[in-house]
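Written out below as structure tokens is the structure these notes cover.
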Amino acid sequence: MPELKTVPLAEVSAKPKKKPFNVRKHLAHLFLLPAAILYGTFQLFPLITAVINSFYSWDGFSRDTFIGLQNFVTLFTESPFKETFVNAFKHNWTFFFVNVCTELVTAYILALIIHSRIRGKEFFKTIFFLPKLLSVIVIGFLFSLILNPTSGALNLFLKSVGLDFLAQPWLGSTDTALLTIILINGWAGVGFSMLIFLASLQSIDKEIFEAAKIDGASNFKIIFTITIPMTMNAIMTMTILTFIGCFETFELIYAMQGSSGGPYYSTDVLGTYFYRLAFGSVEGGQSIGLGSAIAVVLFLIIALSTAILMIYFKRKDFER
Amino acid sequence: MGTKWPVQTLKYMILAFMTIIISYPILLMINSSFKSKLEIMISPFNLPKSFSLENYRIVWEKVNFSGYIWNSIIVSAVSVFVVIFVSSLAAYYLSRYSFKWNPFVLFFFMIGLMLPMKLAIIPLYLIMRNFHLLNTHFSLIAVYVAGGIPFAVFLFYGFFRTLPKDLEQSARLDGCNDFQVYYKIMLPIMKPPIAIVGIVNLVNVWNDFFYPLIFIKSDELRTIPLGMLTLFGEYDTEWNLLFAGLTISSLPLLIAFIFASRMFIEGLTSGALK
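As they're listed, the protein sequences go chains S and V. Read in order, the letters of the first sequence are residues 452 to 771 in this note's numbering. Read in order, the letters of the second sequence are residues 126 to 399 in this note's numbering.
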């Protein structure tokens, strides 16, 4: 531990001798200062500025004149921005729905299984969690090698077991590319979601299950009438976390399909569109303003869903 | 004892199937990293014929992975240390002093838990450009620290509130000043939340690709995830090198996970739920 940082503060707080109480109390503000400055400068300030920026016209990287909602109007009504936006927006929704239907459902089933009488719980939990430690960029590149149409492991495997007709350019075809990426996203997240569900299952009082069994309820009935309603908090949390994740998604698609969400924009999402407008600079001088507008739209979508989550749980973290 | 054996068998079959689905790509990555380019194409599923570290040597020296790893270590270590240090100080302040604005300050930090930071990338980029911080490790560290503060303050604050105040009172009576109370009494008993904050931030920072992509231009400053982009750009047909690069970048966290899997799982699950 570097002691350097501790020395000045220690000296300062040792000073107060003449006006013992007041000075000492106010020196305590020094405890808050570093975190407040760093967080204020590099997080809160940029977030506020991001919203303000969307109301200005831009010339390259310099802010020009206040134009009100013009950026939003352009984004939603003018070609080609409108079409690109709608296309990307739809893909974000697809991402969300497919992810819930595949990753979350699988995760819930796995959690039910691991929660039941089974050996090797710790082993399975550890294995399923592994992808969470990999960088999204590693996951993206790894799967683009595995899914390579000619020499990737998946197609070679399908051919070796006689399923040649299934082998295809998974990432190169507009029909399968988005779906494939969503499934890879699910691969990376399923273990994590399972652990959240599992924690929720473990918090249910076991006597409820015993009572239901004595009453002669079947396992299926127990799952749908007791287990699922009693883990609704976790289901709700994961659904909204998934929603936020799906609307923020960028890296995986960038790594596998590039910043224009190829092939032919079939995997383009708001994240990649935003990146192109902000740093791709193909759309000309106004692109920073439009990029900022997308950021605000995304920001509203995410803030709204977070608010729903907060209200749902009636959380009291902020009242103290 | 009511569970029938077909049901049990089905459960184990599902678990086994998922185990293969989840672990096989990772095993394939590690396995292929020891093979030659030709071997990967001809027999992708077999074990390597000979255990050779040649790919690693080439990636390490030719593609500058030694430099990327070093950059990642510096950026991660400094970020994690600073997050823990400044956040624990702020949380200590919030939980132990009763200034009138404390609820507001807490709220100020908690806003950051809800907002997606990536959306502020344009203003961040402009700030870094105006301060001539683009293409420096400092820009990365500043963003990672700022992004890590809300969760860390939240966690430390919750922890401090559970601690009895008597402990500090007696230390004060023994003549400790405020900072000494924090440093000598609070820090040593804070190990569990420090471990969680450390792990959450380490994994985030080590794996982050987005900020280096925007901020870092010169090759010698790249962290591992961005270095991967160089590797895949320049050697896109040399699959043996690609697999070796992917393995190198993942191995440090995978090894740490093997030794402290419980801590990682606990830390990262609490890190996402906030």
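Just so it is clear, CB atoms sit at the ideal spot from N, CA and C, and this is done for glycine as well. Small disclaimer: the values here were computed from a predicted structure and weren't measured.
| Item | Value |
| --- | --- |
| For V/Phe-368 versus V/Ser-191, is the C-beta spacing smaller than 7 Å? | no |
| Using 10 angstroms around the beta-carbon of V/Pro-317, count the other beta-carbons present and answer buried if the total reaches 16, otherwise exposed. | exposed |
| Short check: CB of S/Ala-501 to CB of V/Ala-245, under 7 Å? | yes |
| Does S/Leu-649 get closer than 7 Å to chain V when you measure Cβ to Cβ? | no |
| Along the stretch 699-731 of chain S, what residues have a CB closer than 9 Å to any CB found in chain V? | Glu-699, Phe-701, Glu-702, Tyr-705, Ala-706, Gly-722, Phe-725, Tyr-726, Ala-729, Phe-730 |
| Would V/Ile-247 and S/Ser-669 qualify as a contact pair, given that the criterion is a beta-carbon distance under 7 Å? | no |
| Leaving out five residues before and five after V/Leu-378 in sequence, what residues of the same chain have Cβ atoms less than 7 Å from its Cβ? | Val-328, Trp-331 |
| So what does DSSP say about S/Leu-455, is it helix, strand or coil? | With a pLDDT of 43 at S/Leu-455, under the threshold of 50, the modelled position of this residue cannot be trusted, and the question is left open. |
| One question on the structure: do S/Phe-574 and S/Met-645 come within less than 7 Å of each other, judged by their Cβ atoms? | no |
| Can you tell me whether S/Phe-675 is helix, strand or coil according to DSSP? | helix |
| Rounded to whole angstroms, what is the Cα-Cα separation between V/Gly-283 and S/Asn-538? | 43 Å |
| Following the continuous alpha helix (DSSP H) through V/Arg-182, name the residue where it begins and the one where it ends. | 179-187 |
| Give me the chain S residues within the contact set of V/Pro-289, using Cβ-Cβ distance strictly less than 9 Å, ordered along the chain. | Per Cβ cutoff of 9 Å: no residues; V/Pro-289 is ~18 Å from chain S at best. |
| When you compare only the Cα positions, how much space is there between V/Ser-213 and V/Leu-163? | 53 Å |
| Please identify the residue among V/Lys-174, V/Leu-280, V/Ser-223 whose C-alpha is closest to the C-alpha of V/Val-208. | V/Leu-280 |
| By Cβ distance below 7 Å, which residues in the same chain neighbour S/Thr-631 in space, the five residues on each side in sequence not counted? | Leu-598, Trp-621, Leu-622 |
| Under the DSSP definition of a beta bridge, which residues are partnered with S/Asp-510? | S/Ser-513 |
| Does the separation of the CB atoms of V/Gly-273 and V/Asn-326 fall below 7 Å? | yes |
| If you run the structure through DSSP and keep just helix, strand and coil, what is V/Tyr-254? | The sequence given here places Arg at residue 254 of chain V; Tyr does not occur at that position. Looking at V/Arg-254 - three-state DSSP - the assignment turns out to be helix. |
| Does the Cβ-Cβ distance between S/Val-641 and S/Glu-554 come in under 7 Å? | yes |
| Assuming V/Val-322 and V/Ile-266 are in contact, meaning their beta carbons sit under 8 Å apart, how far apart are those beta carbons, in whole angstroms? | About 16 Å separates the two Cβ atoms, so there is no contact after all. |
| With a cut-off of 7 Å, does the C-beta of V/Met-126 fall near any C-beta of chain S? | Note that V/Met-126 scores 44 on pLDDT, short of 50, meaning its location in the model is unreliable; the coordinates nonetheless yield the value given after this. Not closer than 7 Å to any Cβ of chain S, the Cβ of V/Met-126 fails to qualify, so no. |
| Is any beta-carbon of chain S found at less than 7 Å from that of V/Pro-337? | no |
| Expressed to the nearest angstrom, what Euclidean distance is found between the alpha-carbon atoms of S/Leu-614 and V/Ile-151? | 23 Å |
| Quick check: what's the CA-CA separation for S/Glu-454 versus V/Lys-309? | Note that S/Glu-454 scores a pLDDT of 41, beneath 50, so its modelled location is shaky; the value from the coordinates is reported in the next line. When rounded, the distance between both Cα atoms is 13 Å. |
| Rounding to the nearest angstrom, what Cα-Cα distance links V/Phe-142 and S/Leu-561 in this structure? | 11 Å |
| Using only alpha-carbon positions, find the residue among S/Thr-545, S/Asp-510, S/Phe-496 that is nearest to V/Gly-237. | S/Phe-496 |
| Have a look at S/Gly-511 and V/Asn-255 and give me their C-alpha separation to the nearest angstrom. | 14 Å |
| Would you report the Cα separation of V/Val-270 and S/Leu-489, rounded to the nearest angstrom? | 7 Å |
| Where in the stretch 492-566 of chain S do unbroken runs of the alpha helix (DSSP H), each at least 4 residues long, occur, reported from the N-terminal end onward? | 496-504, 521-528, 532-550, 556-566 |
| Among S/Cys-697, S/Ser-738, S/Ile-499, which has the Cα closest to the Cα of S/Ser-513? | S/Ser-738 |
| Only counting the same chain, and skipping five residues up and downstream in sequence, which positions put a Cβ closer than 7 Å to that of V/Ser-177? | Phe-159 |
| According to a CB-to-CB cut-off of less than 8 Å, which residues of the stretch 597-608 of chain S neighbour chain V? | Ile-597, Ser-602, Ala-604, Leu-607, Phe-608 |
| Give me the Cα-Cα distance between S/Phe-725 and S/Ile-745, rounded to the nearest whole angstrom. | 6 Å |
| At a CB-CB cut-off below 8 Å, which residues of chain S make contact with V/Ser-212? | Ala-486 |
| Please report the straight-line C-alpha distance between V/Leu-240 and S/Ile-753, rounded to a whole angstrom. | 8 Å |
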